[in-house]
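Undergrad:
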Amino acid sequence: MKRADGEIAGIILAGGFAKRMGVCKPLLPVPKSSALETAAARMKKSGVSEIIVVVGHDREKIIREAKKLKCRPVCNLDYESGMFSSVVAGIRALPPQTEAFYLLPADIPLVKPATYRSLAEAFCENYETPEVVYPAFMGKRGHPPLIGRAMIEPILAWEGERGLAGFFDGQPHRSLDIPTGDRATILDMDTPEDYQKLLAYSKTEFFPDEEECAELLGIAGTPEKVARHGRAVADCAMRIAGALGRPMDRRLLLASCLLHDLAKGSKDHEEMGARWLRRRGYSKVAEIVASHKDLASRKKIGEAEILYLADKLTDGTAVSTLESRMSRMEARFPRGSEALAGAKRRIGAAAKIQKKIEAESGMTLGQILEV
44 MKRADGEIAG IILAGGFAKR MGVCKPLLPV PKSSALETAA ARMKKSGVSE
94 IIVVVGHDRE KIIREAKKLK CRPVCNLDYE SGMFSSVVAG IRALPPQTEA
144 FYLLPADIPL VKPATYRSLA EAFCENYETP EVVYPAFMGK RGHPPLIGRA
194 MIEPILAWEG ERGLAGFFDG QPHRSLDIPT GDRATILDMD TPEDYQKLLA
244 YSKTEFFPDE EECAELLGIA GTPEKVARHG RAVADCAMRI AGALGRPMDR
294 RLLLASCLLH DLAKGSKDHE EMGARWLRRR GYSKVAEIVA SHKDLASRKK
344 IGEAEILYLA DKLTDGTAVS TLESRMSRME ARFPRGSEAL AGAKRRIGAA
394 AKIQKKIEAE SGMTLGQILE V
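Okay, here's the thing in structure tokens:
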């Protein structure tokens with residue numbers, strides 16, 4: 044990734060003992076590729092071309108993996124003294140044109156490409172350029188920090204305690220926290236239990252959970268009133284999905300409901316929201332969000348249909364009926380207007396979905412929703 048006067052590089056720290064894990068963490072599958080390959084691929088996808096992998100313990104195996112990935116391995120012969128020695132080794136290997144660098148432990152491999160890009164944009168575009176930019180999830184700083192070249196010499200000169208953390212604690216510098224909906228910034232794999240949690244997260248990482256959705260809504264600037272509507276739609280949708288009694292991706296449905304009005308207030312807000320989500324890697328959620336206003340008819344009821352119906356049933360935060368919603372539309376829009384015609388078309392499409400759901404579940408919608 045380039046800036047006017049330099050480049051953004053990446054340093055991946057892969058030289059530790061992994062005592063609590065008991066195996067070589069950079070080479071563990073996450074979920075299928077090695078942790079090192081996963082981390083490097085995502086960094087590259089964000090636009091980083093120069094990636095340094097600092098090796099120490101188990102270096103022969105990691106060097107082979109790094110070369111296979113077209114990353115530059117750098118050997119830290121002093122790795123037994125702790126992680127800070129690997130930080131120093133990596134910094135010393137940076138190209139002279141480096142403007143800033145990501146610093147990522149290899150055991151935090153699932154950071155999304157969009158997160159790297161958001162850090163770079165903040166670093167490059169902030170009026171008063173910060174010297175360190177951190178990703179933050181739910182108010183907690185995560186990895187990787189993006190560190191400007193102004194910090195290189197002071198870091199190399201540091202001889203205090205607690206390594207890089209001690210340096211930053213005692214060093215006055217301009218820093219910036221960038222909120223992110225990326226839980227992976229705070230997920231490492233220090234222990235076998237952590238590793239299992241990371242693997243579980245990897246299976247659904249592009250269907251954001253409730254906390255991630257809340258962060259994404261905040262980043263997008265979605266008004267709280269709109270967010271409350273999304274939560275009400277989600278509650279309605281999950282009840283309907285439960286009544287159908289067949290496999291359905293509940294995580295995808297929940298995220299789509301919570302985020303469907305993310306760009307409310309913008310022209311063509313459904314497509315605007317979908318584009319915003321696609322840029323962050325949530326393509327399946329984006330597909331459903333894009334269709335929540337006007338949905339093409341399909342035979343089988345899926346996540347998109349359930350969101351479509353739940354959205355039409357939910358007026359603000361209150362669950363209503365399609366008949367009541369139509370009455371309000373008729374009172375709101377002039378007779379014969381294009382707006383009223385559109386409302387009738389959408390309510391009519393929702394009624395067809397409702398009929399299919401009632402036939403499949405053997406229950407009325409009132410019974411399903413207990414209204």
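Number 357 in the working numbering belongs to position 314 of the sequence shown; there are no gaps in the numbering. Ideal placement from N, C-alpha and C gives every residue a C-beta, glycine not left out. Here the structure is a predicted model, which is why all the values come from computation and not from measurement.
So the candidates are F60, G213, A157; which of them puts its Cα closest to the Cα of G203?
TA: Counting from one through the sequence shown, the residue named residue 203 turns up at place 160. Ranking F60, G213, A157 by Cα distance to G203 puts G213 first.
Undergrad: Can you list, in chain order, the residues of its chain whose CB lies under 6 Å from that of A329, leaving out five sequence neighbours each side?
TA: Position 286 of the sequence shown holds residue 329. Once the five neighbours on either side are set aside, the close Cβ partners of A329 are A317, L320, R321.
Undergrad: Where does V66 sit, in a helix, a strand or coil, going by DSSP?
TA: If you number the sequence shown from 1, residue 66 lands on position 23. In the structure shown, V66 sits in coil (DSSP, three-state: anything other than H, G, I, E or B).
Undergrad: Quick one: any contact between the region 235-244 and the region 272-282, if contact means 3 or more CB pairs under 8 Å?
TA: No, they do not touch.
Undergrad: Considering only the alpha carbon of each residue, which of P235, I51, I390, D101 lies closest to E164?
TA: For the purposes of this step, residue 164 is taken as residue 121 along the sequence shown, with counting starting at 1. That would be I51, whose Cα lies nearest to the Cα of E164.
Undergrad: Taking S299 as part of the beta strand (DSSP E), name the residues at either end of that continuous run.
TA: The residue labelled residue 299 in the question sits at position 256 within the sequence shown. Element bounds for S299: not the beta strand (DSSP E) but the alpha helix (DSSP H), 293-302.
Undergrad: Just checking: is the beta-carbon of F144 within a distance shorter than 8 Å of some beta-carbon in chain B?
TA: Absent from the structure is chain B; it holds one protein chain and no more.
Undergrad: If you run the structure through DSSP and keep just helix, strand and coil, what is E403?
TA: Counting from 1 along the sequence shown, the entry for residue 403 is found at position 360. Here E403 sits in helix by DSSP.
Undergrad: Are S128 and E174 close, meaning C-beta to C-beta below 8 Å?
TA: By one-based count along the sequence shown, residue 128 stands at place 85. By one-based count along the sequence shown, residue 174 stands at place 131. No.
Undergrad: Can you give me the Cβ contacts of C114 inside the same chain, cut-off strictly under 6 Å, excluding the 5 residues immediately before and after it?
TA: Sequence index remark: in the sequence shown, residue 114 carries index 71 (1-based). So the qualifying residues of the chain are A83, I94, V96.
Undergrad: Which partner residues of V176 appear in the DSSP bridge assignment?
TA: The sequence position of residue 176 within the sequence shown is 133, counting from 1. L189, L219.
Undergrad: For S309, count the other beta carbons within 10 Å of its own beta carbon; 16 or more makes it buried, fewer makes it exposed. Which is it?
TA: Within the sequence shown, the letter at position 266 stands for residue 309. Per the 10 Å Cβ criterion, exposed.
Undergrad: Just to confirm the assignment: which complete beta strand (DSSP E) runs, minimum length 3, are found wholly within the region 96-166?
TA: For the region 96-166, whole beta strand (DSSP E) runs of length 3 or above, ordered along the chain, are 115-118, 141-148.
Undergrad: If I'm right that T81 touches P152 with Cβ under 8 Å, what's the distance once you round it to whole angstroms?
TA: As a working mapping, residue 81 is identified with position 38 in the sequence shown. As a working mapping, residue 152 is identified with position 109 in the sequence shown. T81 to P152, Cβ: 4 Å. Contact.
Undergrad: Helix, strand or coil: how does DSSP classify S334 here?
TA: What you label residue 334 is simply residue 291 of the sequence shown in a count that begins at 1. Note: S334 maps to coil in three-state DSSP.
Undergrad: Closer than 8 Å is the cut-off here; do at least three beta carbon pairs connect the region 286-300 with the region 346-357?
TA: The answer is yes - the region 346-357 touches the region 286-300, with three or more Cβ pairs under 8 Å.
Undergrad: I need the straight-line Cα distance from M369 to E248, nearest angstrom please.
TA: Here residue 369 refers to the residue found at position 326 when the sequence shown is read from its first residue. Here residue 248 refers to the residue found at position 205 when the sequence shown is read from its first residue. Near 38 Å, if we compare the C-alpha coordinates of E248 and M369.
Undergrad: In angstroms with no decimal places, state the Cα-to-Cα distance between P69 and P215.
TA: Stepping through the sequence shown from its first residue, residue 69 is reached at position 26. Stepping through the sequence shown from its first residue, residue 215 is reached at position 172. Near 33 Å, if we compare the C-alpha coordinates of P215 and P69.
Undergrad: Looking at C-alpha atoms only, which residue of T364, L297, A57 is the closest neighbour of V332?
TA: As a position in the sequence shown, residue 332 is number 289, starting the count at 1. The option with the nearest alpha carbon to V332 is L297.
Undergrad: How would you call P251, buried or exposed, if buried means at least 16 neighbouring beta carbons within 10 angstroms?
TA: Taking the sequence shown and counting its residues from 1, one reaches residue 251 at position 208. So P251 ends up on the buried side.
Undergrad: What do you get for T357, buried or exposed, if any count of 16 or more other CB atoms within 10 angstroms of its CB means buried?
TA: Translated into positions along the sequence shown, residue 357 becomes position 314. Per the 10 Å Cβ criterion, buried.
Undergrad: With respect to the alpha helix (DSSP H) encompassing L71, which residues constitute its N-terminal and C-terminal limits?
TA: Position 28 of the sequence shown, counted from the first residue, corresponds to residue 71. L71 -> no alpha helix (DSSP H), and no H or E assigned at all.
Undergrad: Distance check for P74 and G133, CA to CA, integer angstroms please.
TA: Start at 1 with the first residue of the sequence shown, and residue 133 comes out as number 90. Start at 1 with the first residue of the sequence shown, and residue 74 comes out as number 31. Spanning the two alpha carbons is a distance of roughly 26 Å.
Undergrad: At which residue ranges does the region 335-406 contain complete alpha helix (DSSP H) runs of 4 or more residues, listed in the order of the chain?
TA: Listed in chain order, the complete alpha helix (DSSP H) runs (minimum 4 residues) inside the region 335-406 are 346-356, 365-375, 381-404.
Undergrad: From the DSSP output, in three-state form, read off G53 for me.
TA: Against the sequence shown, residue 53 aligns to sequence position 10. G53 falls in the strand class under three-state DSSP.
Undergrad: So for R282, helix, strand or coil by DSSP?
TA: Counting from 1 along the sequence shown, the entry for residue 282 is found at position 239. If DSSP states are grouped into helix, strand and coil, R282 belongs with the helices.
Undergrad: Pull up the CB-CB distance for D233 and M64, whole angstroms please, since I reckon it's below 8 Å.
TA: For the purposes of this step, residue 233 is taken as the residue at position 190 of the sequence shown. For the purposes of this step, residue 64 is taken as the residue at position 21 of the sequence shown. At roughly 7 Å, the Cβ-Cβ gap stays under 8 Å, so D233 and M64 are in contact.
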